[in-house]
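Engineer: Next up is a structure, given as structure tokens.
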């Protein structure tokens with residue numbers, strides 16, 4: 359049983375997202391070439407949760423969204439925040455923010471359309487936004503040369519703390535009023 363606990367512990371540890379009992383079962387079934395009863399998996403998870411409840415560990419095994427994930431305990435939040443802040447990628451440059459704004463509001467959009475709006479080359483900004491995984495390639499436009507189409511990613515939503523692209527603030531309306539300077543209004 360100890361071997362099974364360690365296998366489950368390793369699976370949960372290496373998964374970037376919460377791992378459900380069914381997913382764990384699939385992995386173990388393939389590994390052992392035999393079904394592992396759901397009850398054995400659930401029992402092993404309970405043992406692991408009890409193991410990591412103690413103060414000996416800085417993290418615990420938490421049930422999140424129908425799955426399990428290792429998370430650091432709240433007592434260590436301050437030091438982790440400092441580390442993450444130091445390690446986080448630098449803030450976005452003005453050019454990157456402008457490019458990202460165009461992509462967010464006009465997506466899917468080609469690099470040519472971005473450059474037409476900004477009036478400058480966007481290659482570097484697009485490259486950096488792709489590296490930071492804030493944008494993704496959504497496909498190819500059905501125009502001459504089939505340029506790539508860019509759109510925002512899930513990481514963009516996380517970065518800006520929104521759930522849907524519709525949650526973005528509406529851009530100001532810069533259209534001119536019907537009345538111009540010197541005109542008389544009826």
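In our numbering, the protein residues as written are 359 to 544. For each residue, glycine too, the CB sits at the ideal point set by N, CA and C.
If you drop the 5 nearest sequence neighbours on each side, which residues of the same chain put their C-beta closer than 8 Å to that of residue 428?
Structural biologist: Counting only Cβ-Cβ distances below 8 Å, and skipping sequence neighbours, we find 370, 371, 410, 417, 418, 419, 420.
Engineer: Go to residue 463, then tell me how far its alpha helix (DSSP H) extends in each direction, as first and last residue.
Structural biologist: That run of the alpha helix (DSSP H) goes 452 to 464.
Engineer: Are at least three pairs of beta-carbons, each pair with one atom in the region 467 to 475 and one in the region 426 to 443, less than 8 Å apart?
Structural biologist: In short, these stretches do not touch, since the Cβ pair count stays below three.
Engineer: Taking residue 441 and residue 468 to be in contact with their CB atoms under 8 Å, please state how far apart those CB atoms are, rounded to whole angstroms.
Structural biologist: That belief does not hold up - the Cβ atoms of residue 441 and residue 468 are roughly 38 Å apart, past 8 Å.
Engineer: Measure the CB-CB distance between residue 484 and residue 508 and report whether it falls below 8 Å.
Structural biologist: The answer is yes: Cβ separation under 8 Å.
Engineer: If residue 387 and residue 394 are in contact, beta carbons under 8 Å, what's the gap, nearest whole angstrom?
Structural biologist: With 8 Å as the limit, residue 387 and residue 394 qualify as a contact, their Cβ atoms being about 6 Å apart.
Engineer: What does the alpha-carbon distance come out to for the pair residue 396 and residue 402?
Structural biologist: Between residue 396 and residue 402, the C-alpha separation is close to 10 Å.
Engineer: Secondary structure at residue 321, three-state DSSP: helix, strand or coil?
Structural biologist: Nothing in the structure corresponds to residue 321, since the chain is present only between 359 and 544.
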